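Structure record follows, encoded as structure tokens.
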Amino acid sequence: MYNFKEIEKKWQEYWEDNESFKVDNDKTKKPYYILVEFPYPSGSGLHVGHIRSYTAQDAIARLKRMQGYNVLYPMGWDAFGAPAEQYAIKNHIHPKDAVKENIKTFKGQMKSLGFSFDWSREFSTTDPEYYKWTQWQFLQFYKHNMAYKDTVPVNWCPNCKTVLSNEDAAGGVCERCGAVVIQKEKSQWMLRMSDYAEELLKGLDDTNFADKVKLGQINWIGKSTGVEVDVELSCGGKFSIFTTCIETIYGITFFVLAPDGKLVKELMPKIENKEEVLAYIEETSKKSNMDRTELNKGKTGVEIKGITAYNPVNGKEVPIYLGDFVLGSYGTGAVMAVPAHDQRDYEYAKEHNLEIIEVITGGNLQEKAYEKYDYLENKDAKLINSEEFSGLSVMDAKKKITDMLVEKGIGRVVNNYKMRDWIFSRQRFWGEPIPMVYCEKCGWVPMDEKDLPLLLPDVAEYEPTDNGESPLAKITDWVNTTCPKCGGNAKRETDTMPNWAGSSWYFLRFMDPHNDKEFASMEAMKYWNKVDWYNGGMEHTARHLLYARFWVQFLYNIGLVPNKEMIWTRVSHGMILGENGEKMSKSKGNVVNPDDIVKEYGADALRTYEMFIGDYEKDAAWSENGLKGCKKFLDRVYRLGTKLNGKSEYSREVEILINQTIKKVSEDLLSIKYNTAVSALMILLNELEKLESISNKDYRTLLHLLNPIAPHITEELNEKYKLGDMLFKSSFPVYDKNKIMDEEYELVVQVNGKVRGKVVVDLNTSEEDMKKIAREIENVKNYIAGKTIVKEIVVPKKLVNIVVK
RNA sequence: GCGGGUAUGGCGGAACUGGCAGACGCGCUAGUCUUAGGAACUAGUUCUUCGGAGUGCAGGUUCAAUUCCUGUUACCCGCACCA
-14 MYNFKEIEKK
-4 WQEYWEDNES
6 FKVDNDKTKK
16 PYYILVEFPY
26 PSGSGLHVGH
36 IRSYTAQDAI
46 ARLKRMQGYN
56 VLYPMGWDAF
66 GAPAEQYAIK
76 NHIHPKDAVK
86 ENIKTFKGQM
96 KSLGFSFDWS
106 REFSTTDPEY
116 YKWTQWQFLQ
126 FYKHNMAYKD
136 TVPVNWCPNC
146 KTVLSNEDAA
156 GGVCERCGAV
166 VIQKEKSQWM
176 LRMSDYAEEL
186 LKGLDDTNFA
196 DKVKLGQINW
206 IGKSTGVEVD
216 VELSCGGKFS
226 IFTTCIETIY
236 GITFFVLAPD
246 GKLVKELMPK
256 IENKEEVLAY
266 IEETSKKSNM
276 DRTELNKGKT
286 GVEIKGITAY
296 NPVNGKEVPI
306 YLGDFVLGSY
316 GTGAVMAVPA
326 HDQRDYEYAK
336 EHNLEIIEVI
346 TGGNLQEKAY
356 EKYDYLENKD
366 AKLINSEEFS
376 GLSVMDAKKK
386 ITDMLVEKGI
396 GRVVNNYKMR
406 DWIFSRQRFW
416 GEPIPMVYCE
426 KCGWVPMDEK
436 DLPLLLPDVA
446 EYEPTDNGES
456 PLAKITDWVN
466 TTCPKCGGNA
476 KRETDTMPNW
486 AGSSWYFLRF
496 MDPHNDKEFA
506 SMEAMKYWNK
516 VDWYNGGMEH
526 TARHLLYARF
536 WVQFLYNIGL
546 VPNKEMIWTR
556 VSHGMILGEN
566 GEKMSKSKGN
576 VVNPDDIVKE
586 YGADALRTYE
596 MFIGDYEKDA
606 AWSENGLKGC
616 KKFLDRVYRL
626 GTKLNGKSEY
636 SREVEILINQ
646 TIKKVSEDLL
656 SIKYNTAVSA
666 LMILLNELEK
676 LESISNKDYR
686 TLLHLLNPIA
696 PHITEELNEK
706 YKLGDMLFKS
716 SFPVYDKNKI
726 MDEEYELVVQ
736 VNGKVRGKVV
746 VDLNTSEEDM
756 KKIAREIENV
766 KNYIAGKTIV
776 KEIVVPKKLV
786 NIVVK
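Sequential numbering from -14 applies to the first sequence in the working numbering.
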């Protein structure tokens, strides 16, 4: 048992006093930027899950430093957001005080784990010096017409009287009180993220994100290509529909409009059954998103009476319906209904007794619609009931009908994206104030940049107001201001920015964190170039990453950052589950507190265990016994020091193994295979323990290789036995290419694919000799005796397989 | 429903480009040392009727398959009436 308490404290103090991990933007050295998602400093302290990714990235940071890179490994705090506000409401303290406390706890915990962060670059998104630039960037969005105010439906909890984010309204109920969430229209600031949909897709080619991360982004953007077609109305005027199945256009038997769309509002004066229609719209708005999807299996809706529409290809007059399965926010908010070939339309038609016209052969319309997934697979599927297109194959018809519509000027090939514009307003206190002012005369006016930051006021009440306004709305002397344009009376925007804002560009700030002239200098950003390696939870790979990429692409387009993509590799780690295999939670009582572990086993043991626990990208269940095993490993490393013989070369018996281990550890760490890197070190230790004595070089190399994962104990032992310069300041071991293969190897001999013998042979044994040796093994002889050798397969330096009959 | 992932001993998990399945660790068993053991060390540990069998299941390709192909089942994650 080594005294980890003393050792870990000693080295942590050394690193801190000497600012060992502080980096300058040193142009003479090659940069390497390693990033972990900065945490939200919650009241419950660091989670063992944080430690997994911080250790993994720390190991890479330490390795890269020893390999001569100028490594930036920063840490900061993403401290705006609802939990701090909740806490403040309950306890009547200012969120900034709660955040300060929590940051102190987090920072202390991080230091106790020996992470090599450059603390000189630390900041919090809640620092006015930081959010000044978040606000400044919002103004750039506004000035480039990328921010606008619009009325959109939002999640509204009628009980808490507040707007909820989609996350807070998961499952259609309010996360706080459990009440059913309804949709309510509110005027919100929006960012034109949908303008960037195509660029965000293309940009993925300039990244090295893991495939599943790229796929997450692609799915979220949700591109689909189809045709937008104009449809004439009986009352005059027209509207458009979007479809990806233009080949079914002759099958239209009705149209359906979104109840929450703009079109139905425009048509309202001409609708005969207004009351019925309005009632349906009202009913829809009361349903949550979930009601409209999963829970609501039936296809509700009403016919719009007094107006009909004409099929654009054959002029057939069909009715128009309202149905909540059509979303106002996707496509044009209106669909052509082809019940024969779309299951939703089919169900709707059955429920409302509407006509079904088959236009593609091969389905059984008695049972269900014959949908594109099926007919596209069916090579024999042909169009019918489609005038001159009848008889064509689906793919031909798709093209010819599209061409015809385009030619006539009533159709356009368009792309649609599921990704919407970014709703950027929150009716919350604890967020960046949006630096906009409303003037009766001038409308919305941006604040003057030189007046930033717009500080959050110090108040004692953070409760949302009854009408859903931000608590800021109640602070009249903050709200009332003068118009930056005309100088007249004006009011500030009282909504704040979403939590995602500050985290969309923090990685740029780390490159130049103390700059008070700009958010980061172009020079600094050019030097660091990109985040080489970004790690975070899978839960953030879709949204946070998309927001951050959008933000960066915008800044790039207005010339403020050097690259269109500022993140190169993105890796995500699996969760650490409780010992019972379930997600850690207080209610389940399976939470592991890292402080307790550090106290009882030491930081190095915890770090080593979390690297060893399993495949980094997969979830893993905590195991106290597993942790003990790693502690035991470190104890053995410690005791091994008593076997030193003072020699300065590798011991002959382990020379090959050491070279192999150097290769394995350096390669595994950089290919996110931390668990096998640790196991390679365990193997090396096992072998070293078998020797009578070990050389100083053997030992120092073992310590060096283990140093990125367990930095305290290794540094201590290196010093204790005076093995050389401090490990973190010296070059990481390099393997000798000529010494990773033994002079001999074990030749495996198979008969008919089954192992029947093994023999140690010289590395340079020829293929002929391999065969000869193989046939001479006693056991092999037994299996080939009396049989004919059909074939002999030789894999050089590995095996011989004798095929007999 | 769509998209993706996973499946290997009692457990966590290894296995490069198709070439010895079960590395490494945990647990377990026996032993050594000890006043003691929830310490340390040593040996063993997939199953087995000792012929073999074996990487969720059923097939296929191959001299050879955890690895490639086809089908299938279970579980996990993401999105979800996206026209």
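By construction, the Cβ of each residue, glycine as well, lies at the ideal position given by its N, Cα and C atoms.
Since the structure is predicted, the reported quantities are computational estimates derived from the model, not experimental observations.
Excluding five sequence neighbours on each side, which residues of the same chain lie with their C-beta closer than 7 Å to the C-beta of A46? Counting from 1 along the first sequence, the entry for residue 46 is found at position 61. Around A46: I19, V56, Y58 and S101.
If you draw a straight line from the alpha carbon of L530 to that of S38, how long is it in whole angstroms? Mapped onto the first sequence, residue 530 falls at position 545. Mapped onto the first sequence, residue 38 falls at position 53. Each residue's Cα considered, the two are about 17 Å apart.
C-beta contact flag for M223 and V216 at 9 Å: The sequence position of residue 223 within the first sequence is 238, counting from 1. The sequence position of residue 216 within the first sequence is 231, counting from 1. Going by the sequence as given, residue 223 is Lys instead of Met. Cβ distance < 9 Å, so K223 and V216 count as in contact.
Do you know offhand how far G416's Cα is from M482's? Your numbering for residue 416 matches position 431 in the first sequence. Your numbering for residue 482 matches position 497 in the first sequence. Cα to Cα, the separation comes out at about 6 Å.
Of the residues T646, D653, G771 and R741, which one's Cα is nearest the Cα of K724? Working through the first sequence from its first residue, we reach residue 724 at position 739. Looking at the Cα atoms, T646 is the closest of the given residues.
Indicate whether I774 and V785 have their beta-carbon atoms separated by less than 9 Å. Taking the first residue of the first sequence as position 1, residue 774 is located at position 789. Taking the first residue of the first sequence as position 1, residue 785 is located at position 800. No; because the gap between Cβ atoms is not below 9 Å, this pair is not in contact.
Measuring straight from C-alpha to C-alpha, what distance separates R494 and E478? The count along the first sequence starts at 1 and reaches residue 494 at position 509. The count along the first sequence starts at 1 and reaches residue 478 at position 493. Whole-angstrom Cα-Cα distance: 26 Å.
Given that a residue counts as buried once 16 or more other Cβ atoms are within 10 Å of its Cβ, and exposed if not, what is M726? Taking the first sequence and counting its residues from 1, the one referred to as residue 726 is at position 741. M726 comes out exposed.
To test your reading of the DSSP string, which unbroken alpha helix (DSSP H) runs of 4 or more residues are found completely within the region 501 to 589? 507 to 513, 528 to 542 and 579 to 586
Could you pull out every unbroken alpha helix (DSSP H) segment of at least 4 residues lying fully inside the region 278 to 323, listed in chain order? none
With DSSP run on the structure shown, which of helix, strand or coil describes T481? Taking the first sequence and counting its residues from 1, the one referred to as residue 481 is at position 496. T481 falls in the strand class under three-state DSSP.
Under DSSP, the beta strand (DSSP E) around S209 begins and ends at which residues? Taking the first residue of the first sequence as 1, we reach residue 209 at position 224. K208 to L218 is the span of the beta strand (DSSP E), which, as asked, contains S209.
Residue range of the unbroken beta strand (DSSP E) whose run includes W174: Working through the first sequence from its first residue, we reach residue 174 at position 189. It spans I167 to L176 - the beta strand (DSSP E) in which W174 sits, taken as one unbroken run.
Take N144 as the anchor and find which of D604, G453 and T526 has the nearest alpha-carbon. Your numbering for residue 144 matches position 159 in the first sequence. Closest by alpha carbon: G453.
Have a look at I292 and P254 and give me their C-alpha separation to the nearest angstrom. The residue labelled residue 292 in the question sits at position 307 within the first sequence. The residue labelled residue 254 in the question sits at position 269 within the first sequence. The C-alpha of P254 is placed about 11 Å away from the C-alpha of I292.
With three or more beta-carbon pairs closer than 8 Å as the criterion, would you say the region 187 to 203 touches the region 381 to 390? no
With DSSP collapsed to three states, give me the class of A264. Here residue 264 refers to the residue found at position 279 of the first sequence. A264 falls in the helix class under three-state DSSP.
If you measure between the beta carbons of M496 and A486, is that distance less than 9 Å? To locate residue 496, count along the first sequence from 1; it is residue 511. To locate residue 486, count along the first sequence from 1; it is residue 501. Contact flag unset, no.
Which of helix, strand or coil DSSP assigns to T269: As a first step, residue 269 must be located in the first sequence, where it is residue number 284. In this structure, T269 counts as helix in the three-state DSSP scheme.
Continuous beta strand (DSSP E) stretch holding T229: start and end: The residue you call residue 229 lines up with position 244 of the first sequence. Element bounds for T229: n/a, residue is neither H nor E.
Going by DSSP, what residue range makes up the beta strand (DSSP E) through W429? In the first sequence, the residue the question calls residue 429 occupies position 444. Segment G428 to P431, the beta strand (DSSP E) holding W429.
Whose C-beta lies closer than 8 Å to the C-beta of T278 among residues of the same chain, with five residues either side of it excluded? For the purposes of this step, residue 278 is taken as the residue at position 293 of the first sequence. Note on T278: pLDDT 43, under 50, position unreliable in the model; no value is reported.
Given that a residue counts as buried once 16 or more other Cβ atoms are within 10 Å of its Cβ, and exposed if not, what is L612? Reading the first sequence from its first residue, position 627 is the one you call residue 612. It counts as buried.
If you draw a straight line from the C-alpha of M711 to the C-alpha of E701, how long is it? Locating residue 711 in the first sequence gives position 726, where the first residue counts as 1. Locating residue 701 in the first sequence gives position 716, where the first residue counts as 1. Going by the C-alpha atoms only, they are around 9 Å apart.
Helix, strand or coil: which one does DSSP assign to D63? Here residue 63 refers to the residue found at position 78 when the first sequence is read from its first residue. D63 falls in the coil class under three-state DSSP.
Do the CB positions of D327 and T238 come within less than 9 Å of each other? Against the first sequence, residue 327 aligns to sequence position 342. Against the first sequence, residue 238 aligns to sequence position 253. Taking 9 Å as the Cβ cut-off, D327 and T238 do not qualify as a contacting pair.
From A325, P438 and K743, pick the residue whose C-alpha is nearest to that of P113; which is it? As a working mapping, residue 113 is identified with position 128 in the first sequence. Of the candidates A325, P438 and K743, the one whose C-alpha sits nearest the C-alpha of P113 is P438.
What residues in its chain sit with their C-beta under 8 Å from that of L629, if we drop five residues either side in the sequence? Mapped onto the first sequence, residue 629 falls at position 644. Around L629, the same chain offers S678, I679, S680, N681, Y684 and Y706 as residues with beta carbons nearer than 8 Å, after the five sequence neighbours per side are excluded.
What's the call for A354, buried or exposed, on a 16-neighbour Cβ count within 10 Å? Here the question's residue 354 lines up with position 369 in the first sequence. Answer is buried; the Cβ neighbour count reaches 16.
What separation, rounded to the nearest whole angstrom, lies between the Cα atoms of E288 and T210? By one-based count along the first sequence, residue 288 stands at place 303. By one-based count along the first sequence, residue 210 stands at place 225. Between E288 and T210, the C-alpha separation is close to 29 Å.
Look at Y333 and L242 and say whether their C-beta atoms are less than 9 Å apart. Position 348 of the first sequence holds residue 333. Position 257 of the first sequence holds residue 242. No. Outside cutoff.
Just the C-alpha distance for K75 and G522, rounded to the nearest angstrom, thanks. Residue mapping note: residue 75 aligns to position 90 of the first sequence, counting from 1. Residue mapping note: residue 522 aligns to position 537 of the first sequence, counting from 1. Rounded to the nearest angstrom, the two C-alpha atoms are 29 Å apart.
My assumption, with CB atoms under 8 Å, is that V736 sits in contact with K743. Please give the rounded CB distance. The residue labelled residue 736 in the question sits at position 751 within the first sequence. The residue labelled residue 743 in the question sits at position 758 within the first sequence. That belief does not hold up - the Cβ atoms of V736 and K743 are roughly 13 Å apart, past 8 Å.
Figure out for me which residue from E336, L361 and H337 has the closest Cα to the Cα of G347. Residue mapping note: residue 347 aligns to position 362 of the first sequence, counting from 1. Ranking the options by Cα distance to G347, first place goes to L361.
Please determine, among I694, K573 and Y512, the residue with the shortest C-alpha to C-alpha distance to E595. Translated into the one-based positions of the first sequence, residue 595 becomes position 610. Considering only alpha carbons, the answer is I694.
Using the Cα positions of E777 and E728, report the straight-line distance between them to the nearest angstrom. As a first step, residue 777 must be located in the first sequence, where it is residue number 792. As a first step, residue 728 must be located in the first sequence, where it is residue number 743. If you take the alpha carbons of E777 and E728, they lie about 25 Å apart.
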